[in-house]
Amino acid sequence: MNFDLTKPCAQCPFRNDRRGYLHPERVIEITDALLNDQTFQCHKTIHKGAPQHCSGALIFLEANERPNQLMRIMERLGAYDRKKLDMDSPVFTDADEMAEHHGSAS
Numbered sequence: 019m020n021f022d023l024t025k026p027c028a029q030c031p032f033r034n035d036r037r038g039y040l041h042p043e044r045v046i047e048i049t050d051a052l053l054n055d056q057t058f059q060c061h062k063t064i065h066k067g068a069p070q071h072c073s074g075a076l077i078f079l080e081a082n083e084r085p086n087q088l089m090r091i092m093e094r095l096g097a098y099d100r101k102k103l104d105m106d107s108p109v110f111t112d113a114d115e116m117a118e119h120h121g122s123a124s
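Put into structure tokens, the structure is as follows:
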């Protein structure tokens with residue numbers, strides 16, 4: 019998995035300035051997995067090109083001071099630089115708020 023993305027795409031589920039579209043339980047699955055050292059691939063790279071870690075997820079994790087294991091390894095190898103992330107991007111930093119936001123659109 020690559021770490022080249024630095025800001026969330028327009029459809030990123032971590033954005034807080036767009037209408038929610040995921041079921042709240044799916045949001046909790048995603049955020050729980052992330053906070054338990056898992057990764058989350060950008061949906062735009064699932065079926066094409068090199069897999070990329072979702073930048074919204076990276077920003078979420080960095081804002082919570084909880085980089086996952088792969089982030090820490092890739093940073094030590096020089097393949098990930100947290101300073102390149104656009105931390106001012108409109109991204110949720112709270113899992114419950116993210117789930118509530120997505121649930122209000124259901």
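Sequential numbering from 19 applies to the sequence shown in the numbering used here.
Even glycine gets a Cβ: it sits at the ideal position worked out from N, Cα and C.
Contact between the segment 41-59 and the segment 110-123 is present, with at least three C-beta pairs closer than 8 Å. Within the same chain, and ignoring the five residues on either side of residue 98 in sequence, the residues whose Cβ sits closer than 7 Å to its Cβ are 21, 89 and 92. With respect to residue 69, residue 105 sits apart: the two C-beta atoms are not nearer than 7 Å. Residue 77 is a Cβ neighbour of residue 103, given a cutoff of 7 Å. With fewer than 16 neighbouring CB atoms inside 10 Å of its own CB, residue 37 falls in the exposed class. Judged by DSSP secondary structure, residue 64 falls outside any alpha helix (DSSP H); it is assigned neither H nor E. In the DSSP secondary-structure assignment, residue 100 is not bridged to any residue. Apart from sequence neighbours up to five positions away, the residues of its chain that approach residue 100 with a beta-carbon distance below 6 Å are 80, ordered along the chain. Residue 86 and residue 32 have their C-alpha atoms roughly 16 Å apart. Nearest Cα to residue 107 within the set 95, 114, 75 and 122: 75.
Annotation for residue 121: the continuous alpha helix (DSSP H) segment containing it runs 113-122.
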